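This report concerns only the one structure given below.
Chains as they are written, first to last, in this note's numbering: chain U, 18 to 307; chain R, 84 to 398; chain D, 3 to 529.
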């Protein structure tokens with residue numbers, strides 16, 4: 018078909034991949050966060066199959082044990098193995114983090130993209146909506162929604178995503194706006210390309226790098242938010258374990274067994290740190306000034 | 084200028100109205116009722132009688148309109164669970180949050196700007212790396228967990244600082260006592276706010292340093308130091324001001340959790356108690372208050388923007 | 003020799019009793035510091051706000067009767083004597099003369115009549131615990147110091163209930179109020195009361211300070227004041243206790259005792275209450291109507307192990323709704339269900355339940371899969387999770403659904419939309435459990451399992467007619483046996499109510515907090 022004019026754009030995108038390898042060679046340490054994350058994900062996905070203890074199996078006869086070869090991180094107030102709960106809690110926290118980020122990303126991209134591309138009245142209305150959402154402190158919004166709709170994991174995921182989409186929309190809007198009046202878009206339109214085709218095939222790939230950076234940082238933020246929510250009793254409910262609700266239980270036992278509060282916090286911190294470092298690295302690589 | 088301000092204020096009112104409708108209808112969807120009315124051991128007959136007493140059996144839109152009517156006349160109603168007027172509850176709790184937020188903001192801004200400037204001056208050097216580590220940690224560590232650890236260390240183990248509350252109850256007013264209670268929660272909250280300020284200060288400073296203003300100033304022959312202070316700094320302020328505006332929302336969100344950890348009797352805790360206890364008048368009161376503040380701060384920030392940078396002024 | 007020793011002891015004892023506690027024995031300037039979780043509402047009948055207000059209201063608003071700190075039988079408070087009529091359909095109470103309200107007005111029958119006729123018995127107001135007096139028709143004024151409680155059915159437990167958080171309200175202050183339960187100037191600032199201490203200062207969000215009531219009718223208060231600090235967080239309360247800034251923390255979770263036990267200035271009080279935890283199985287569900295099923299499900303649970311883990315051992319396995327603290331009326335001589343999973347399986351098999359393909363027990367197409375909504379409150383979640391596990395071991399699958407407290411009340415208590423659930427009941431120390439077990443209490447009352455048995459109703463009615471301790475022991479003994487066999491609720495445990503007190507506080511009855519607070523005029527601090 019009449020895609021010949023766009024061939025040039027496709028080849029223009031290739032240098033990005035070789036840029037990637039150039040950056041890696043220059044500073045191999047930057048890959049560490051990615052590796053740690055892969056390790057963590059493998060651990061929580063495969064770990065439960067390898068580690069012999071059931072995270073939900075309570076044992077009232079041996080509560081609050083210290084770490085041992087039997088129980089790598091000891092047991093909690095109901096005698097459940099802490100490491101097993103860290104693993105299954107990790108699955109939940111990571112899943113919620115990734116999924117809510119995706120929710121926020123999708124909504125943000127669609128709304129930001131529509132606003133930036135079409136401009137005019139649509140842009141004005143949508144960006145006001147974005148402003149309104151950014152004006153509401155995320156926590157209050159989440160509080161109200163979770164109180165009203167209950168704390169089923171799906172609700173938690175959507176709510177955390179809703180608190181994040183506005184920032185995404187802002188960035189995507191700016192990018193789409195930039196590209197709205199460029200030559201290749203006008204060319205594509207002249208050649209009869211539909212709006213959606215232009216947006217998806219031409220503009221969006223340009224926005225992708227920015228989106229990836231925001232996504233990485235977003236997962237970190239989502240994990241922290243879910244943890245805080247669960248800590249307050251508003252997020253993931255027992256018996257499902259999440260790093261956040263493990264901290265809620267632990268605070269009651271601060272006098273008796275303070276170490277219970279340390280493990281979930283460390284795991285959350287390390288995971289979010291890795292996502293943040295990854296995001297920073299990606300941002301540096303994509304910064305046109307470098 | 085005046086037209087612009089009025090325009091923004093009107094938009095703000097619209098936003099507040101929408102928020103009130105949204106919140107009211109949403110919260111009334113929640114199952115259950117005010118916790119003082121439907122407590123666990125009361126009977127069905129008692130519950131029904133109390134619900135009727137408080138007019139909660141009327142349809143939602145009727146109740147919203149009656150709330151709106153009173154609110155417009157300045158009466159925010161009475162807390163169902165606490166029996167106190169909402170307005171006095173709000174002002175009392177808001178002052179507490181303000182103390183915490185102001186202290187945290189002060190700490191975060193001071194340290195944030197200092198670190199940001201140091202990092203910019205020392206770009207990619209050792210200090211810049213350290214600052215980068217600190218800020219990334221600040222964004223990664225869950226602040227409520229940090230709060231718990233800090234309490235564990237300073238209060239339980241070392242017995243140095245109080246574990247919660249904003250002052251020693253019953254004792255006479257003492258600034259030292261207030262500060263002792265303030266320092267832990269404010270520091271923890273500041274630690275999570277700081278990264279944003281550092282980042283923005285650093286990048287703004289770097290950007291301006293390499294920009295036109297500075298080249299022009301240098302061309303004029305001004306001494307390096309004067310260049311830095313007079314032009315760089317003033318223009319770097321622009322995004323920093325923007326960041327401060329954004330921080331307000333972050334501040335409210337952050338304080339909600341920190342107030343819970345440290346037992347600080349502020350607005351965040353009130354919101355959680357009211358949400359869990361289905362105290363409708365209080366929930367609406369809090370939402371309106373927070374919404375108004377955010378709207379006003381955003382308008383102020385935009386105005387400051389315009390003041391600092393004439394290019395951004397609107398006609 | 004022994005006789006002489008005894009005489010000497012008796013002599014010393016009588017001298018001490020005669021001397022009473024003299025001024026040199028206590029510190030006149032001492033101020034006690036207590037804690038409460040939230041701003042109290044200074045009105046014993048206002049709905050809600052119970053946990054944070056109960057104790058302070060007990061000091062302020064005196065009751066017609068009080069609990070004897072030895073055996074929890076009713077003893078004089080604002081009433082000096084009482085007597086039931088021959089037909090048990092009314093009670094006459096003689097009121098104490100010379101009692102003054104804190105504003106100087108005299109306390110009399112008008113106040114009692116007002117508190118009941120215009121507050122408690124007015125259904126529309128929804129007063130707290132009003133259902134405890136549902137058998138009271140009206141209160142008549144016989145003369146300024148005598149009232150008659152006219153009943154609509156025999157009510158032998160009346161004097162007990164009158165001692166349970168049932169303070170009197172001043173008619174001359176609240177008589178004209180539109181709603182005597184929501185007067186903020188009274189509830190949140192300046193109430194008028196008869197107790198040994200009255201409110202001096204109420205700073206919202208911070209503290210309520212009490213000072214001695216000069217017009218008090220009884221023994222002069224021995225403290226300079228009592229401050230109730232508002233501290234929502236339990237960890238903080240313990241921290242302040244350890245630092246000597248609090249003298250008493252009530253209702254401590256066992257997990258927090260670790261910091262306390264080694265401190266010589268602090269004393270742990272193990273108290274009890276008429277409170278029991280239970281599992282309710284909805285009787286509208288056919289699977290649970292067979293008593294053998296209920297008995298088996300109880301046998302499958304290792305209650306002692308649960309007490310040892312969740313309560314750190316601070317509790318006793320429950321035999322029924324009446325706790326051992328009710329002394330003579332309590333009997334442990336009832337059917338017992340020790341932990342026996344094999345026995346449980348056998349009993350269920352006898353009732354026709356056999357393991358299905360996936361291990362879950364089945365009968366006639368129905369599975370023993372139980373939906374268990376659980377409220378997010380206190381120990382309910384860990385307890386339910388343990389029960390789920392014990393049941394899983396015998397082939398019963400419980401699906402635990404943790405919901406927020408408010409939503410839980412709506413679903414389970416109001417709508418009865420549950421199959422099984424775990425919670426607790428707390429009652430004044432009276433053996434009468436009608437509101438939780440009678441056929442009448444099913445739909446809108448507190449009979450959450452919807453259990454109905456005419457035999458049980460008859461037995462409970464006997465109890466209400468029993469006016470002498472012997473009759474009561476007999477009637478309630480029969481009731482406890484019946485309940486242990488039938489298990490309308492699966493009885494789990496009576497938790498110990500743990501309080502920690504600073505040893506400087508003396509004269510504090512240690513049977514339980516609510517009784518101790520009824521005798522605040524006896525408290526003193528060693529110098």
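Beta carbons are placed, not taken as given, at the ideal position from N, Cα and C, and that holds for glycine.
Treat the numbers as computed from the prediction; the structure is a model and nothing was measured.
Rounded C-alpha distance that separates residue i from residue j
i	j	result
residue 257 of chain D	residue 275 of chain U	11 Å
residue 243 of chain D	residue 99 of chain U	31 Å
residue 22 of chain U	residue 204 of chain U	Residue placement at residue 22 of chain U is poorly supported in this model, since its pLDDT is 42, which falls under 50; the coordinates still yield a value, given next. So the two alpha carbons sit approximately 8 Å from each other.
residue 250 of chain R	residue 53 of chain U	44 Å
residue 150 of chain U	residue 381 of chain R	13 Å
residue 41 of chain D	residue 380 of chain D	20 Å
residue 270 of chain D	residue 271 of chain R	34 Å
residue 217 of chain R	residue 278 of chain R	8 Å
residue 147 of chain D	residue 402 of chain D	55 Å
residue 406 of chain D	residue 50 of chain U	38 Å
residue 291 of chain U	residue 172 of chain R	42 Å
residue 248 of chain U	residue 112 of chain R	24 Å
residue 501 of chain D	residue 420 of chain D	34 Å
residue 24 of chain U	residue 74 of chain U	With a pLDDT of 44 at residue 24 of chain U, under the threshold of 50, the modelled position of this residue cannot be trusted; read the value that follows with caution. The straight-line gap from Cα to Cα measures roughly 59 Å.
residue 333 of chain R	residue 153 of chain U	10 Å
residue 86 of chain D	residue 96 of chain D	12 Å
Counted within 10 angstroms of its Cβ, other Cβ atoms place residue i as buried (16 or more) or exposed
i	result
residue 217 of chain U	exposed
residue 1 of chain D	Residue coverage of chain D in this structure runs from 3 to 529, which leaves residue 1 of chain D outside it and unanswerable.
residue 144 of chain R	exposed
residue 100 of chain R	exposed
residue 159 of chain R	buried
residue 528 of chain D	exposed
Check whether residue i and residue j have beta carbons under 8 Å apart
i	j	result
residue 372 of chain D	residue 418 of chain D	no
residue 422 of chain D	residue 462 of chain D	no
residue 289 of chain D	residue 368 of chain D	yes
residue 170 of chain D	residue 62 of chain D	no
residue 282 of chain U	residue 232 of chain R	yes
residue 570 of chain D	residue 72 of chain D	Examination of residue 570 of chain D is not possible in this model, given that chain D is present from 3 through 529 alone.
residue 475 of chain D	residue 320 of chain D	no
residue 120 of chain R	residue 50 of chain D	yes
residue 313 of chain U	residue 110 of chain U	For chain U, the structure presents residues 18 to 307; residue 313 of chain U sits outside this window and is missing.
residue 94 of chain U	residue 266 of chain U	yes
residue 237 of chain R	residue 229 of chain R	no
residue 515 of chain D	residue 252 of chain D	yes
residue 324 of chain R	residue 388 of chain R	yes
Under 8 Å (Cβ pairs) to chain D, residues found in the region 62–80 of chain U: 73, 74, 75, 77, 78, 80
Inter-stretch contact at 8 Å, needing at least 3 Cβ pairs: the region 131–138 of chain U / the region 186–195 of chain U: yes
Contact set between the region 443–459 of chain D and chain R, restricted to residues whose Cβ is under 9 Å from the partner: 443, 445, 446, 447, 448
Under 9 Å (Cβ pairs) to chain A, residues found in the region 351–374 of chain R: You won't find chain A in this structure, because its protein chains are U, R and D.
Proximal residues, the region 112–124 of chain R versus chain D, C-beta separation under 8 Å: 113, 114, 115, 116, 117, 118, 119, 120, 121, 122, 123, 124
Proximal residues, the region 87–117 of chain U versus chain D, C-beta separation under 8 Å: 94, 95, 96
Meets three-Cβ-pair contact criterion under 8 Å: the region 176–189 of chain R and the region 332–352 of chain R: yes
Selection of the region 390–420 of chain D by Cβ proximity to chain U, strictly under 9 Å: 390, 391, 402, 403, 404, 405, 406, 408, 409
At least three beta-carbon pairs within less than 8 Å, the region 422–437 of chain D to the region 272–281 of chain D: yes
Against chain D: residues of the region 239–268 of chain U by CB proximity under 9 Å: 250, 251, 254, 255, 256, 257, 266, 268
The region 489–497 of chain D touching the region 33–40 of chain D, judged by at least three CB pairs closer than 8 Å: no
The region 354–362 of chain R / the region 163–176 of chain R touching (three or more Cβ pairs under 8 Å): yes
Touching by the beta-carbon criterion (3+ pairs, under 8 Å), the region 228–236 of chain U and the region 187–200 of chain R: no
Residues from the region 292–316 of chain D in contact with chain U, defined by Cβ distance under 8 Å: 304, 307, 308, 310, 311, 312
The region 207–221 of chain D / the region 98–107 of chain D touching (three or more Cβ pairs under 8 Å): yes
Meets three-Cβ-pair contact criterion under 8 Å: the region 293–304 of chain D and the region 452–469 of chain D: no
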